[in-house]
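> Counted the way mature numbering (1 follows the signal peptide of the UniProt record, and there is no 0) counts, the sequence shown spans residues -20 to -1, 1 to 177.
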Amino acid sequence: MTTWTSKAPFAALALFTLSACEGGQGFSLGGSAGAEKPPLLQTSLAGGAVEVVPPQGYCIDRKSLKRHFALMARCDALGLPDVVTAAPLGILTLSLVEAAPDTPLPTPQDVAKAVGLTQVVETDSRDYTTIFVAEGPVPAEGMSGRHWRGTARLAGHVASVTLYGAPQSRAVSDEGRSLIAELIRQSRARSESQPNS
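Here's what the structure looks like:
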């Protein structure tokens, strides 16, 4: 299972964003955002097989995109300060692994063993989707070890979704489960509506 463990510069930026916004100070990339292309409201991965549609208030960081990976954050944290949202502040990642139709989804226990998670509590398992909360390693110092994860079948792939947030943030509360579910539901619906599906 592919998971995000990058210590890239974006992780440090994300941590600063989380800290500033959770404290009610807000955050903007300022003048640098205008010189770059804005974040995306959706994108295609895996050669167009999977359409990724973030939950409401979230955008996709263009710089993060790989063939089987996307990183998302609240749109205002990615340089769209005019996008007003009540979404919890956090960092969402989605990675894909191509899989045969009869390949079972990894269980929360499988994922826990692979990436060193503890205190795994499954909260939802239906419609080729499993969502759970666990304690484990974080991509940047200062993020909460408690985070949400999901696995789902998406257009011939198994998706692994992770949501990180600052300690005590809404992203690590029960609201985080809803963000994971919305990302999976919207991405599946858009992927299945594609002509080549």
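All C-beta atoms, glycine included, are put in the ideal place defined by N, C-alpha and C.
Return the CA-CA distance between residue 87 and residue 98, expressed in angstroms with no decimal places.
14 Å
> Could you check what DSSP says for residue 138 in three-state terms: helix, strand or coil?
strand
> Using the rule of at least 16 other Cβ atoms within 10 Å of the residue's Cβ for burial, across every protein chain shown, is residue 161 buried or exposed?
buried
> Can you give the beta carbon distance from residue 69 to residue 151, rounded, assuming they're within the 8 Å contact cut?
6 Å
> Could you pull the DSSP bridge partners for residue 39 from this structure?
In DSSP, residue 39 forms a bridge with 53.
> Let me know the secondary structure DSSP gives residue 58 once reduced to three states.
helix
> Can you tell me which of the three DSSP states residue 152 falls into?
helix
> Label residue 2 either buried or exposed according to how many other C-beta atoms from any shown protein chain fall within 10 Å of its C-beta, with 16 as the threshold for buried.
Residue placement at residue 2 is flagged as unreliable, the pLDDT there being 36, under the threshold of 50; a coordinate-derived value is accordingly withheld.
> Bridge partners for residue 160 per DSSP, in chain order?
Looking at the DSSP assignment, residue 160 forms no beta bridge with any residue, so it has no partner.
> Find the nearest neighbour of residue 56 within the set 74, 49, 66, judged by alpha-carbon distance.
66
> Looking at residue 74 and residue 235, is the spacing between their C-beta atoms short of 8 Å?
Residue 235 lies beyond the stretch modelled for the chain, which goes from -20 to 177, so this question has no answer here.
> Cα separation between residue 76 and residue 61?
30 Å
> From which residue to which residue does the beta strand (DSSP E) around residue 30 run?
Start and end: 30 to 32.
> Might you give, ordered along the chain, the residues of its own chain that have their beta carbon closer than 6 Å to the beta carbon of residue 53, omitting 5 neighbours on each side?
Answer for residue 53: 71, listed in chain order.
> Quick check on DSSP: helix, strand or coil for residue 17?
coil
> Of the choices 48, 148, 117, 28, whose alpha-carbon is the least far from that of residue 93?
117
> I'd like the span of the beta strand (DSSP E) that includes residue 114, first residue to last.
109 to 115
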